[in-house]
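*Asks:* Structure provided below as structure tokens; questions to follow.
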Amino acid sequence: MTARRVRMGEMTISQRAKEWYSTPFTVEWLENTIKGCTSSPGKEAFEKWAISKLGASQGAVLIAECNKRSPRGTFVSEKPPRTLEDKVLFMWNSAAGYYGMSRRAIQTLHEHASDMNLYQPERTKPPPKRRKGETSSQWLALVAGHKLPIIDLDYARRTAIAEYDKTCDTLERWRTDSKLFFADIVERSKSIIVSPQIVHLDERTKERTRIDDAFRTRINFLALTHVAWKETALLFEDLAARGLNTPAAIERAYSRDSALLWRLCGVVHRVASMTRKMSANLQQLLAASDYYKPMLVPWRDDQGLAHIDPNRPEIDKRIRRGELTGMDQVVISWACSVAPSPMSFYQGIEAAIAEDRSEEKKFSAAVFEAMGDWAAAAELESQFSRTEFGMQIVKQAGALEKAGTDRAQMRSILYYMDPAKLSDRGAEYWDRAGEASRSMRALEVAWTHQTWQLSIDSILRILQMKAAPRGLTSDNIEMPMEVFNEMWRHTDEQMWNMAASLDRKGEAGRVAKECGLWNPRDPKRPVATRYIFAEIELQIVQGVPLQPKTTPVYTPNIPVAGPNESIVQSGHAFVSGTAETKVKVKTRTPGDASKQVEQVEKVEQVTLPQHLPTDFKLGKKVLKLFHRILEPPDDEKESADAPAKGQVRWGDFENAMKRIGFEVVQTAGSSVRFDPPALSARPITFHRPHPESLLSPHSIKWLGARLRRTYGWTTATFQRTEGEEAG
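Take 1 as the starting number for the sequence shown in full-length UniProt numbering and just add one per residue.
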């Protein structure tokens with residue numbers, strides 16, 4: 001987009017919003033930010049933030065650029081912006097011209113204001129209502145100018161439970177499924193940014209080092225993910241068990257119970273920390289992916305810090321060819337950012353994919369899966385950081401800490417390790433609650449230091465000799481079951497001892513429990529099995545029934561539905577024949593549209609059954625799909641002459657789950673959550689395949705094992721409807 005600046009006069013906020021393809025709220029926020037950051041004390045606060053973020057040298061360069069002024073003017077484009085990306089760029093250029101600053105300076109000041117939650121105009125419009133099927137980024141895009149939304153407790157609870165269960169199942173599968181384990185670390189090794197000392201080693205040593213690094217990285221990542229999802233899920237379940245199902249009820253409870261306040265504060269910081277780790281993981285995966293690898297340059301400095309820079313020659317070449325799309329610009333800018341924003345990334349990606357579905361194919365399967373995990377975490381984090389409920393928790397905790405009240409209680413809840421064994425972590429610009437914010441970093445650093453002592457190098461050497469000369473790939477790594485089990489027994493013993501060394505006095509096993517570890521002497525510790533989970537093997541081989549996993553019944557305060565929609569749709573209607581289900585509809589009184597926005601919607605309670613049905617009557621097509629997913633592994637068929645199993649398309653699986661009453665909740669990336677039509681049943685999350693829609697045999701096995709474990713299903717659960725020819 002070529003453009004020029006022309007001389008201009010003063011414009012009102014509304015005039016600028018119209019001219020810049022923006023909103024009055026955003027324009028006023030920019031106005032407040034520039035005024036605040038160019039005079040004391042805001043100027044000094046901004047400079048401190050810039051230096052904390054980029055270091056003294058680069059921070060000083062950025063501050064100098066933000067202090068520079070040029071002649072003011074109106075930004076004029078030769079053709080009007082059409083895409084979202086064009087309009088956003090037009091807004092930044094217009095603001096830069098209006099204030100006589102560079103675009104980078106304007107964007108930096110706004111980033112500071114966003115990071116520190118400063119200078120926002122008063123919000124006068126009512127909170128936006130969340131519509132069915134709306135993703136977090138779509139919903140939060142509506143917040144500009146509106147009062148902050150009320151936290152969606154039911155949505156947050158379902159997300160936390162589903163992600164916690166998935167994390168636990170993944171940690172167990174690492175120990176029971178050697179194929180998955182090696183495929184995971186070999187794939188992750190491709191995105192490892194090696195240190196300068198490794199770059200010049202021979203290829204076999206580099207390969208081994210990368211995979212060993214990937215093993216440690218994934219061990220650490222999964223443990224810290226478990227730390228966050230575990231406490232979040234258990235907290236929401238405890239709140240439901242106590243009947244605290246509204247923000248107001250929770251606020252009243254923690255105002256009387258400081259222990260509850262510190263638990264809530266701990267969850268806020270655990271989730272925020274996990275989201276940052278997932279951001280860094282996704283950046284590295286993007287830099288290693290086939291499509292974006294040529295345009296990104298990952299490297300480590302002498303201190304071991306990872307960086308990703310844009311490869312300008314390659315990017316410029318694609319620009320000249322007309323090959324660089326708006327989505328490419330979003331991805332490159334985000335991957336190179338030192339403070340990547342989930343909302344800006346997902347909004348840019350969603351807008352680009354909405355215009356051209358083929359853009360989605362630029363992401364590798366590993367990237368798409370990481371995007372799904374990050375989307376779930378980022379959405380939950382936004383429920384705390386972008387709602388009045390979450391902000392009030394942090395504010396109250398900060399005030400309590402400043403007053404020095406119950407410091408011992410605060411530390412006993414926030415620190416699951418002995419504080420005396422942790423190194424003191426300095427304050428960072430993003431801290432919002434003093435020691436409560438710093439504690440999570442100290443805990444992470446301590447566990448990372450421990451896990452970096454782990455190694456499977458000796459095993460990788462043996463596997464390399466067997467695989468030579470092709471090198472190690474997920475297809476040619478074969479390890480006897482007893483060797484795989486011994487590798488994990490040794491690793492679990494190491495981690496158990498590491499965790500014990502960090503335990504508080506009188507709290508043996510607390511660190512191990514938080515990190516999702518297994519006692520190496522526990523006879524129930526997971527070992528390799530073709531069924532993925534030991535209880536599935538008992539169910540299939542010995543006929544031991546599995547009991548469904550449950551969660552405390554939660555009574556939602558405000559069900560979510562679209563205008564004039566039934567809150568329970570066709571899927572949930574399936575169980576109406578097996579339980580008494582009340583379905584009421586939202587209504588609005590007729591009148592002016594602007595008045596309807598401000599009007600309180602009339603919502604009546606929906607009653608779902610306590611438990612899922614013990615059996616489902618289905619048509620032939622849907623029945624066949626569930627039987628395919630829940631059948632034993634191929635090598636355990638009763639007859640050697642049994643026919644080969646058919647393929648399963650992801651869309652057919654989604655439709656089948658809807659057919660038996662589950663609601664399908666999509667996020668960005670590959671993560672899909674299935675909410676059951678029963679109050680005590682747990683939601684479950686899976687990754688949809690990418691880029692193809694077919695589930696691999698290994699993926700089908702994973703789906704079946706998790707559905708069996710979570711709901712106690714077998715092939716006998718699903719039976720044929722008499723006289724019905726199809727599902």
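Where is the CB? At the ideal position from N, CA and C, for every residue including glycine.
Mind checking leucine 153: buried by the 16 CB within 10 Å criterion, or exposed?
*Replies:* In the sequence shown, the residue the question calls residue 153 occupies position 153. Buried is the call here.
*Asks:* Please list the terminal residues of the continuous alpha helix (DSSP H) segment that includes tryptophan 374.
*Replies:* In the sequence shown, the residue the question calls residue 374 occupies position 374. It spans 365-385 - the alpha helix (DSSP H) in which tryptophan 374 sits, taken as one unbroken run.
*Asks:* Thinking arginine 438 and threonine 550 are a contact (beta carbons under 8 Å), I'd like their distance in whole angstroms, please.
*Replies:* Here residue 438 is taken as the residue at index 438 of the sequence shown, counted from 1. Here residue 550 is taken as the residue at index 550 of the sequence shown, counted from 1. Not really, about 37 Å apart at Cβ, beyond 8 Å.
*Asks:* Please report how far the alpha carbon of leucine 62 lies from the alpha carbon of threonine 159, in whole angstroms.
*Replies:* Translated into positions along the sequence shown, residue 62 becomes position 62. Translated into positions along the sequence shown, residue 159 becomes position 159. Going from the Cα of leucine 62 to the Cα of threonine 159 covers about 39 Å.
*Asks:* Is it true that the region 213-231 meets the region 192-204, where meeting means three or more beta-carbon pairs spaced less than 8 Å apart?
*Replies:* The region 213-231 is in contact with the region 192-204.
*Asks:* Curious, which full-length beta strand (DSSP E) runs of at least 3 residues does the region 669-696 contain?
*Replies:* With a minimum length of 3 residues, the continuous beta strand (DSSP E) runs that stay inside the region 669-696 are 671-675 and 684-687.
*Asks:* May I have the straight-line CA-CA distance separating isoleucine 539 from proline 545, to the nearest angstrom?
*Replies:* In the sequence shown, counting from the first residue as 1, residue 539 sits at position 539. In the sequence shown, counting from the first residue as 1, residue 545 sits at position 545. Per the sequence shown, the amino acid found at residue 539 is glutamine instead of isoleucine. If you take the alpha carbons of glutamine 539 and proline 545, they lie about 6 Å apart.
*Asks:* Below 8 Å on the Cβ atoms is my guess for valine 268 versus glycine 390; work out the distance and round it to an integer in Å.
*Replies:* What you label residue 268 is simply residue 268 of the sequence shown in a count that begins at 1. What you label residue 390 is simply residue 390 of the sequence shown in a count that begins at 1. Between glycine 390 and valine 268 the Cβ distance is about 6 Å, and since that is below 8 Å, they are a contact.
*Asks:* Using 8 Å for Cβ pairs, my map puts glutamate 444 next to serine 279. What's the rounded Cβ distance?
*Replies:* Counting from one through the sequence shown, the residue named residue 444 turns up at place 444. Counting from one through the sequence shown, the residue named residue 279 turns up at place 279. Contact doesn't hold; Cβ gap of about 14 Å is too wide.
*Asks:* Given a threshold of 16 other Cβ atoms within 10 Å of its Cβ, counted over all protein chains shown, does isoleucine 319 qualify as buried or as exposed?
*Replies:* In the sequence shown, the residue the question calls residue 319 occupies position 319. The residue in question, isoleucine 319, is exposed, as its Cβ has fewer than 16 Cβ neighbours within 10 Å.
*Asks:* Where do the ends of the beta strand (DSSP E) carrying residue 729 lie?
*Replies:* This structure cannot speak to residue 729, because the chain is shown only from 1 to 727.
*Asks:* In three-state terms, what does DSSP make of tryptophan 452?
*Replies:* The residue labelled residue 452 in the question sits at position 452 within the sequence shown. Three-state DSSP puts tryptophan 452 in coil, outside helix and strand.
*Asks:* Alpha carbon to alpha carbon, what distance is there between alanine 377 and leucine 422?
*Replies:* Within the sequence shown, residue 422 is the residue found at index 422, counting from 1. Within the sequence shown, residue 377 is the residue found at index 377, counting from 1. Spanning the two alpha carbons is a distance of roughly 26 Å.
*Asks:* Under 8 Å between the Cβ atoms of valine 648 and leucine 618?
*Replies:* Looking up residue 648 in the sequence shown gives position 648. Looking up residue 618 in the sequence shown gives position 618. Cβ atoms of valine 648 and leucine 618: not closer than 8 Å.
*Asks:* Between the beta-carbon of cysteine 265 and the beta-carbon of isoleucine 393, is there less than 8 Å?
*Replies:* Here residue 265 refers to the residue found at position 265 of the sequence shown. Here residue 393 refers to the residue found at position 393 of the sequence shown. Cβ atoms of cysteine 265 and isoleucine 393: closer than 8 Å.
*Asks:* Taking the CB atoms as reference points, tell me whether phenylalanine 25 and cysteine 37 lie closer together than 8 Å.
*Replies:* By one-based count along the sequence shown, residue 25 stands at place 25. By one-based count along the sequence shown, residue 37 stands at place 37. Their beta carbons are not under 8 Å apart, which means phenylalanine 25 does not touch cysteine 37 by this criterion.
*Asks:* Quick check: what's the CA-CA separation for residue 772 versus arginine 530?
*Replies:* Not covered by the structure: residue 772. The range shown for the chain is 1 to 727.
*Asks:* Of all the options Ser52, Met343, Trp713 and Thr721, which has the alpha carbon lying nearest to the alpha carbon of glycine 426?
*Replies:* Counting from one through the sequence shown, the residue named residue 426 turns up at place 426. Ranking Ser52, Met343, Trp713 and Thr721 by Cα distance to glycine 426 puts Ser52 first.
*Asks:* Leaving out five residues before and five after threonine 448 in sequence, what residues of the same chain have Cβ atoms less than 6 Å from its Cβ?
*Replies:* Walking along the sequence shown from the start, residue 448 turns up at place 448. The answer, listed in chain order, is Asn220.
*Asks:* Please determine, among Leu630, Lys620 and Asp492, the residue with the shortest C-alpha to C-alpha distance to arginine 720.
*Replies:* As a working note, residue 720 is residue 720 in the sequence shown. Comparing Cα positions, the closest option is Lys620.
*Asks:* Could you check which residue in Gly434, Ser22 and Met481 has the C-alpha nearest to that of aspartate 86?
*Replies:* What you label residue 86 is simply residue 86 of the sequence shown in a count that begins at 1. Per the Cα distances, Ser22.
*Asks:* On a CA-only basis, which of Asp356, Met417 and Thr275 is nearest tryptophan 371? Give me that one, please.
*Replies:* For this step, residue 371 is matched to residue 371 along the sequence shown. Rather than tryptophan, the amino acid found at residue 371 in this sequence is methionine. The shortest C-alpha separation from methionine 371 is found at Thr275.
*Asks:* Does the separation of the CB atoms of glutamate 379 and threonine 12 fall below 8 Å?
*Replies:* Sequence index remark: in the sequence shown, residue 379 carries index 379 (1-based). Sequence index remark: in the sequence shown, residue 12 carries index 12 (1-based). No, the Cβ-Cβ distance between glutamate 379 and threonine 12 is not below 8 Å.
*Asks:* Rounded to the nearest angstrom, how far is the Cβ of isoleucine 161 from that of leucine 109, given a contact under 8 Å?
*Replies:* Residue numbering aside, residue 161 sits at position 161 when the sequence shown is read from its first letter. Residue numbering aside, residue 109 sits at position 109 when the sequence shown is read from its first letter. Their Cβ separation, rounded to whole angstroms, is 40 Å, which puts isoleucine 161 and leucine 109 out of contact at 8 Å.
*Asks:* Taking only runs that begin and end inside the region 201-255, name each unbroken alpha helix (DSSP H) of 4 or more residues, in chain order.
*Replies:* Counting only runs of 4 or more, we get 203-241.
*Asks:* What separation, rounded to the nearest whole angstrom, lies between the Cα atoms of serine 94 and serine 385?
*Replies:* Looking up residue 94 in the sequence shown gives position 94. Looking up residue 385 in the sequence shown gives position 385. Cα to Cα, the separation comes out at about 29 Å.
*Asks:* The beta strand (DSSP E) spanning glutamate 663 covers which residue range?
*Replies:* Working through the sequence shown from its first residue, we reach residue 663 at position 663. Counting along the chain, the beta strand (DSSP E) containing glutamate 663 begins and ends at 663-666.
*Asks:* Does DSSP classify lysine 617 as helix, strand or coil?
*Replies:* Looking up residue 617 in the sequence shown gives position 617. In the structure shown, lysine 617 sits in a strand (DSSP, three-state: E or B).
*Asks:* Going by DSSP, what residue range makes up the beta strand (DSSP E) through arginine 504?
*Replies:* Looking up residue 504 in the sequence shown gives position 504. Taken as a continuous stretch (DSSP letters only), arginine 504 belongs to no beta strand (DSSP E), as it is neither H nor E.
*Asks:* Considering only residues of the region 256-306, which uninterrupted alpha helix (DSSP H) runs meet the minimum length of 4 residues and lie entirely inside it, listed in chain order?
*Replies:* Here the runs fully enclosed are 258-288.
*Asks:* Where are the beta strand (DSSP E) runs, 3 residues long or more, that stay fully inside the region 509-536, in chain order?
*Replies:* For the region 509-536, not a single whole beta strand (DSSP E) run of length 3 or above is found.
*Asks:* Using a Cβ-Cβ cut-off of 6 Å (strictly less than) and excluding sequence neighbours within five positions of glutamate 187, which residues of its own chain qualify?
*Replies:* Counting from one through the sequence shown, the residue named residue 187 turns up at place 187. Excluding positions up to five away in sequence, the list reads Ala366.
*Asks:* In the DSSP output, what is isoleucine 315 paired with across the bridge?
*Replies:* Here residue 315 is taken as the residue at index 315 of the sequence shown, counted from 1. None; isoleucine 315 has no bridge partner.
*Asks:* My guess is that asparagine 311 and proline 294 are in contact by the Cβ rule of under 8 Å, so how many angstroms apart are they, rounded?
*Replies:* Position 311 of the sequence shown, counted from the start, is the residue given in the question as residue 311. Position 294 of the sequence shown, counted from the start, is the residue given in the question as residue 294. That belief holds up - the Cβ atoms of asparagine 311 and proline 294 are roughly 7 Å apart, short of 8 Å.
*Asks:* Considering arginine 720, what are the terminal residues of the beta strand (DSSP E) in which it resides?
*Replies:* Within the sequence shown, numbered from 1, the residue matching residue 720 stands at position 720. Its beta strand (DSSP E) spans residues 718-720.
*Asks:* I need the boundaries of the alpha helix (DSSP H) containing tyrosine 164, first residue and last residue.
*Replies:* For the purposes of this step, residue 164 is taken as the residue at position 164 of the sequence shown. First-last of the alpha helix (DSSP H) with tyrosine 164: 153-176.
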